[in-house]
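Enquirer: Below is the structure I would like to discuss, written out as structure tokens.
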């Protein structure tokens, strides 16, 4: 399996994402934002950071990059895509995932370990670090996401520090091949830093690719 | 060239913590009786095709899911 990790001006977590992809199994390479060709990768990671300086709105400019045009086509064809933090914001701005990410309710950039609950009731402990991670979608959209099983991760009780609607930390698209979340699974892949739960997120993305 | 100003603000009903923070700071400065503060942004531009400004707002300047926009031609 070959993973491609996008790199925008202002990305900062692409190296950890590459490392996490390798640990999850396979080979990983960086894809520069100006490349229109994804080079035949099997899965794409849109990493965290501050692409294009987060100008205008987080993720708003990055969605127009040549690489994101290619990612949109890749996703439409069923290819697995994982957006982390800023990558999640980019995927929402691009319309590949429903909803939007707003300023944290307390206006603070927060960096902390959070507990998440996945859609089969498993728990994960992984770090979150963002200032604009308050998930929002209109109520009818949220109802649809819940009914279709598109809510992939929620903050555990008491952990929803940013004020996200219905404690949502991560969502999938309707087809199930595009996943985005605010916390950072790529920073939780080595026992040295306290948790390897993030590898389960990468495994889920690889499995979505295997089904496609 | 047409000059225009685009005002972008959070949609009604969406929590605007920046507006709330400003609102809370005002009484401490002696400004009582100020409410419903909403903080948005303003973009000034010159356009050759002003009829396309709506489309431009929908696609880039605003996120219609969370923001309203208003185009003022100058």
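Chains as they are written, first to last, in this note's numbering: chain L, 1059 to 1270; chain A, 54 to 127.
Ideal Cβ positions, reconstructed from N, Cα and C, are used throughout, including at glycine.
Just list the beta strand (DSSP E) runs in the stretch 1127-1194 of chain L, keeping only unbroken ones of 3 residues or longer that don't cross its boundaries, in chain order.
Expert: As far as the stretch 1127-1194 of chain L is concerned, its whole beta strand (DSSP E) runs of at least 3 residues are 1139-1142, 1158-1160, 1168-1176, 1181-1188 and 1192-1194.
Enquirer: Leaving out the 5 sequence neighbours to the left and right, which residues in its chain are closer than 6 Å to residue 1064(L) when beta-carbon positions are compared?
Expert: Excluding residues within five positions, the ones whose Cβ falls inside 6 Å are 1089, 1104 and 1125.
Enquirer: Check for me: the alpha helix (DSSP H) holding residue 1198(L) runs from which residue to which?
Expert: Residues 1197-1205.
Enquirer: Could you tell me whether the Cβ of residue 113(A) comes closer than 8 Å to any Cβ of chain L?
Expert: Output row for residue 113(A): interface = yes.
Enquirer: Scan the stretch 1216-1256 of chain L and note each continuous beta strand (DSSP E) run of 3 residues or more that stays entirely inside, going in chain order.
Expert: Listed in chain order, the complete beta strand (DSSP E) runs (minimum 3 residues) inside the stretch 1216-1256 of chain L are 1226-1230 and 1236-1239.
Enquirer: Can you find a CB in chain L that lies within less than 8 Å of the CB of residue 68(A)?
Expert: Judged by the 8 Å Cβ criterion, residue 68(A) is in contact with chain L.
Enquirer: Would a check of beta-carbon distances place residue 118(A) closer than 8 Å to chain L?
Expert: With 8 Å as the cut-off, residue 118(A) counts as an interface residue toward chain L.
Enquirer: Just reading off the beta strand (DSSP E) that residue 90(A) is part of, what are its end residues?
Expert: First-last for residue 90(A): undefined, no H or E at that position.
Enquirer: Do you know offhand how far residue 1252(L)'s Cα is from residue 1209(L)'s?
Expert: C-alpha separation (whole angstroms): 26 Å.
Enquirer: So residue 115(A) and residue 61(A) are supposed to be a Cβ contact under 8 Å. How far apart are they, rounded?
Expert: Indeed, because the Cβ distance is near 5 Å, the residues count as touching under 8 Å.
Enquirer: First and last residue of the beta strand (DSSP E) that includes residue 55(A)?
Expert: 55-63 is the span of the beta strand (DSSP E), which, as asked, contains residue 55(A).
Enquirer: Residues of the stretch 61-88 of chain A with a CB closer than 7 Å to any CB of chain L: list them in chain order, please.
Expert: So the list reads 67, 68, 70, 71 and 74, given in the order they occur along the chain.
Enquirer: What is the DSSP secondary structure of residue 125(A), reduced to helix, strand or coil?
Expert: Strand.
Enquirer: Run down chain A in chain order and give the residues with a C-beta less than 9 Å from the C-beta of residue 1224(L).
Expert: Correct list: empty, because the minimum Cβ distance to chain A is about 14 Å.
Enquirer: Count the other CB atoms within 10 Å of the CB of residue 1222(L); is the residue buried (16 or more) or exposed (fewer)?
Expert: By the 10 Å Cβ count, residue 1222(L) comes out buried.
Enquirer: Could you confirm whether any beta carbon from chain A is found closer than 8 Å to the beta carbon of residue 1165(L)?
Expert: Closer than 8 Å to some Cβ of chain A, the Cβ of residue 1165(L) qualifies, so yes.
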